[in-house]
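Structure first, commentary second.
In the numbering used here, the protein residues as written are 528 to 1210.
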């Protein structure tokens, strides 16, 4: 943190503990601190102990900066009080205006600004206007003070965590004297966020101390003050929360008393935020304090928001407590958001060998007995993530987890009353298959790393090693797993190698030209081409499961999100895909569309004349075919009307589920099969 070449270290230290978003938002405050540091006329502190001088010098600057902000705030308040007194004592309008201009000068107005202010009297500049400037200046100082306090806490924590300092934390703590600096700010008369920042500063620093030093780090008077702040329901909500967090590191007996008071006597309004923080601290404290009786009180809390926090707290408690209370939250709680949160938080039990089987039973119970769509979605996700974690941490338990997960997901896929649940079950099943199948896992890892930087719409050649020895079925199935959270993919394979396109390619489509010519409108977007449509290449496709229109636009044939489906039915070819199939060579090659539901096979008519006729009819009737494809419940048309109409044009269309195997149990969903016309046997 010395000047010159070490300023980069100062920047890194000042940004310690900031998320990327917070660092971007606070970038100007960091720059101000760096500028103030460079102008700070104090020589670097020298210390014979390695590393100590570096931190001591930086902390000395932050402490001086905080004291400067405190003095500036106090000076602003004095100037404002003097101004108000003088303004009231002024006997004439001219004297009052002069007092206002004098106060504006004290707030930093330049000579030019003062001239403009003087001309603005009688229009917008008056007593209230200059007081507004005072409040802005005051709040700006308080914001800088809050930011500096936050940085101070993190820098102290970084120092205490440095191995060069950690050997003698207590000496460094006493040398820094953080409590003496921050203690007066805990009672700051102004914006409550300054007090919140002061509590947070102390909490961040104290947490970096060794556990046996924390309770000896503060004076008894400070601990008592924090105790009272944690109990004071009249103070700012976030002050109460931060006081609870600080007290948890200072005095376990005092914390237990506060937790009992706050959790056994819930209040209305914003008290739920304090109770939620208390529940989080409860989970961390149960291991060292006999307060498990509070769990029953929290489980009956009137706020679902508070009960959600109990789920995470339970994962840190004893075996008996988890077995008694977690199923009540995950299966029997009245609020669906609590049940969903409990299932999600229960994944932490994977890391506890004595509770892995209980976790599996809980997830199986939820998948088999739950009816709410949200809870089922979370349970499906939790089961898939759980299998992946068990595969990494406890391979000896994998067979039991795999069998239970695949069985439950396969059952949901064909029996769930909500179509969306069936789709989520199929997607989770495919992710599990990709995790457990060695070939799929290798291919998925290599393709994901390679494709992440491929720009959408640009064809690229794949390195041979990525798909070496991998058949089309495995390649397409893995791409369908990747496309669950990505663009779609078009893959072409030949003896020359493999080429892939990530995302849609757009090009001229005659149907779009006709559509725009026949439907002129003055509100079309300018600077956009209105003659393009989707062009698909390759014979192996994996459509994106997430990229679609949420509402229909004036351009027909686009992937359209269907709420009751939970997606856009990527297993049913788009009209543009049918048109692209007509361009697959003189002897059309079949196209295979891989999705989580299975594989759709599409082949254009073999006859050249039929292909010309099909192109003409699809181009002229594009809007009608697009409407048939986006079939909705309650429609007068049959679900298979669209694909039947394509078959009438000579297309060959079929669908089959993925091949079964040791890591795959998915069967055909009747609600998918209904879109494919039955093939009549030939007599």
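Cβ atoms here follow ideal geometry from the backbone N, Cα and C, with glycine treated the same way.
Do the CB positions of residue i and residue j come within less than 8 Å of each other?
i            : j            : result
residue 790  : residue 805  : yes
residue 912  : residue 874  : yes
residue 1122 : residue 975  : no
residue 1019 : residue 1029 : no
residue 959  : residue 914  : yes
residue 836  : residue 807  : yes
residue 672  : residue 730  : no
residue 1091 : residue 997  : no
residue 852  : residue 907  : no
residue 718  : residue 666  : yes
residue 699  : residue 713  : no
residue 1212 : residue 862  : Past the edges of the chain, shown from 528 to 1210, lies residue 1212, and the structure says nothing about it.
residue 994  : residue 977  : no
residue 1039 : residue 1060 : yes
residue 1102 : residue 1149 : yes
residue 1106 : residue 1142 : yes
residue 926  : residue 887  : no
residue 1087 : residue 1190 : no
residue 1153 : residue 1083 : yes
residue 890  : residue 909  : yes
residue 734  : residue 677  : no
residue 1131 : residue 1145 : no
residue 785  : residue 754  : yes
residue 1104 : residue 1063 : yes
residue 1119 : residue 1170 : no
residue 696  : residue 736  : yes
Following the continuous beta strand (DSSP E) through residue i, name the residue where it begins and the one where it ends.
i            : result
residue 1108 : No beta strand (DSSP E) holds residue 1108; the alpha helix (DSSP H) holding it covers 1102–1108.
residue 1114 : Here residue 1114 belongs to no beta strand (DSSP E), and DSSP marks it neither H nor E.
residue 1018 : 1016–1021
residue 684  : First-last for residue 684: 654–688, but that is the alpha helix (DSSP H), not the beta strand (DSSP E).
residue 1026 : 1024–1029
residue 704  : Residue 704 -> no beta strand (DSSP E), and no H or E assigned at all.
In the DSSP assignment, the alpha helix (DSSP H) including residue i goes from what residue to what residue?
i            : result
residue 1185 : Segment: none, residue 1185 is in no alpha helix (DSSP H) and carries neither H nor E.
residue 630  : 620–633
residue 554  : 554–565
residue 1037 : 1037–1045
residue 930  : 925–942
residue 600  : 579–616
residue 780  : 779–791
residue 639  : 638–647
Give the single residue among the options whose Cα lies nearest to the Cα of residue i.
i            : options               : result
residue 764  : 794, 1022, 867, 782   : 794
residue 598  : 991, 669, 1159        : 669
residue 865  : 1188, 1144, 826, 647  : 826
residue 684  : 567, 656, 542         : 542
residue 1069 : 649, 544, 1096, 692   : 1096
residue 1065 : 595, 1094, 1115       : 1115
residue 653  : 892, 588, 621         : 621
residue 814  : 779, 1015, 832        : 779
residue 1113 : 1120, 601, 1134, 1088 : 1134
residue 664  : 634, 645, 935         : 634
residue 1192 : 1175, 955, 1081, 1139 : 955
residue 720  : 674, 687, 1067        : 674
residue 935  : 1000, 919, 893        : 893
residue 842  : 1184, 982, 580, 809   : 809
residue 831  : 817, 867, 844         : 867
residue 990  : 1175, 1057, 1024, 967 : 1024
residue 596  : 612, 1057, 563, 1176  : 563
residue 847  : 860, 885, 833         : 885
With contact counted as at least three CB pairs below 8 Å, one residue from each stretch, are the region 1073–1090 and the region 1118–1128 in contact?
no
Segments of 4+ residues assigned as alpha helix (DSSP H) that fall wholly inside the region 804–857
Counting only runs of 4 or more, we get 821–826, 831–841, 846–854.
At least 3 beta-carbon pairs within less than 8 Å: the region 876–883 vs the region 892–908
no
Segments of 4+ residues assigned as alpha helix (DSSP H) that fall wholly inside the region 714–766:
719–734, 738–741, 747–758
When you compare the region 1010–1017 with the region 1028–1047, are there three or more beta-carbon pairs, one atom per stretch, that lie closer than 8 Å?
yes
Where in the region 959–1013 do unbroken runs of the alpha helix (DSSP H), each at least 4 residues long, occur, reported from the N-terminal end onward?
965–978, 991–994, 999–1009
Ignoring anything shorter than 3 residues or poking outside the region 1116–1199, list the beta strand (DSSP E) runs there in chain order.
When DSSP assignments are scanned along the region 1116–1199, the uninterrupted stretches of beta strand (DSSP E) that are 3 or more residues long and fall wholly within it turn out to be 1118–1122, 1125–1130, 1179–1183.
Would you be able to state if there are at least three C-beta pairs under 8 Å between the region 797–804 and the region 751–769?
yes
Scan the region 844–920 and note each continuous alpha helix (DSSP H) run of 4 residues or more that stays entirely inside, going in chain order.
846–854, 863–872, 883–896, 900–920
Runs of beta strand (DSSP E) wholly within the region 1045–1103 (minimum 3 residues, chain order):
1059–1062, 1067–1069
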